[in-house]
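Asker: With the UniProt record's numbering as the guide, the letters of the sequence shown map in order to residues 1 to 156.
What follows is a single structure, and I will ask about it in a moment.
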Amino acid sequence: MKEQYLTEIELPVWADPQGDVILEKSRDYCYLYFDCWLEKELWINEEVTWADYIGKITFNNAWAVKSLDIEFYDIYPKEESIYKSSICRVENSLWLEEMTMKRSKTYKEWLSWDERIYKHFHFSGHDNYFDIIAENYKVEKILKKDIKHYENLWTQ
């Protein structure tokens, strides 16, 4: 059996490492939302300064999600973390393998009509994490002034 490990992928935004992460998932979409910090050179008086936007990760063709409110994850990167903010891909994922087999029991022919290559992504908040099986993802910024749903969570 191959060892599972994380491959770190840098995010284009700086996710607040102490902040909460919100998952929004239905059959048709999967989003993660999180507060962001400004780049260090933009901090006021050398103190952490929150950005006027939140980060949003949209997962394409996500079909499995799990979450746990715990600080530590039991799969580790092979190397030290090099990015201030990242999402990880779980290599040799046992969960992806397990979910693929489970889906195959229900939809015996799904691999013949769905030729997408799915990956196991991992995103950590503070004291919680999310694992998502999806084809891919994109990251974007949403201005806090434009947020309607979770506005009370992002006001500092």
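Each residue gets a CB set at the ideal place from its N, CA and C atoms; glycine is no exception.
Nothing here was measured: the structure is a model prediction, and the numbers come from that model.
Closest by CA to residue 53, which one among 26, 123, 38?
Answerer: Within the sequence shown, numbered from 1, the residue matching residue 53 stands at position 53. Selected option, being the one with the closest Cα: 38.
Asker: Assign residue 57 to one of two classes, buried (16 or more other C-beta atoms within 10 Å of its C-beta) or exposed (fewer than that).
Answerer: What you label residue 57 is simply residue 57 of the sequence shown in a count that begins at 1. Flag for residue 57 reads buried.
Asker: Pair every Cβ in the region 3-13 with every Cβ in the region 83-96, then say whether three or more of these pairs are closer than 8 angstroms.
Answerer: When Cβ pairs closer than 8 angstroms are counted between the two stretches, the region 3-13 is seen to touch the region 83-96, the count reaching three or more.
Asker: Tell me whether residue 84 is buried or exposed, calling it buried when 16 or more other Cβ atoms sit within 10 Å of its Cβ.
Answerer: Position 84 of the sequence shown holds residue 84. So residue 84 ends up on the exposed side.
Asker: Between which residues of its own chain and residue 116 is the CB-CB distance below 7 angstroms, once the five residues before and five after are set aside?
Answerer: Taking the first residue of the sequence shown as position 1, residue 116 is located at position 116. Cβ within range, chain order: 61, 135.
Asker: Less than 8 angstroms between the CB atoms is what I'm expecting for residue 67 and residue 23, so what's the real figure, rounded?
Answerer: Taking the sequence shown and counting its residues from 1, one reaches residue 67 at position 67. Taking the sequence shown and counting its residues from 1, one reaches residue 23 at position 23. Confirmed, Cβ separation roughly 6 angstroms.
Asker: Here's the rule: buried if 16 or more other CB atoms are within 10 angstroms of the residue's CB, otherwise exposed. What is residue 111?
Answerer: Reading the sequence shown from its first residue, position 111 is the one you call residue 111. Around the beta carbon of residue 111, fewer than 16 other beta carbons sit within 10 angstroms, so the residue counts as exposed.
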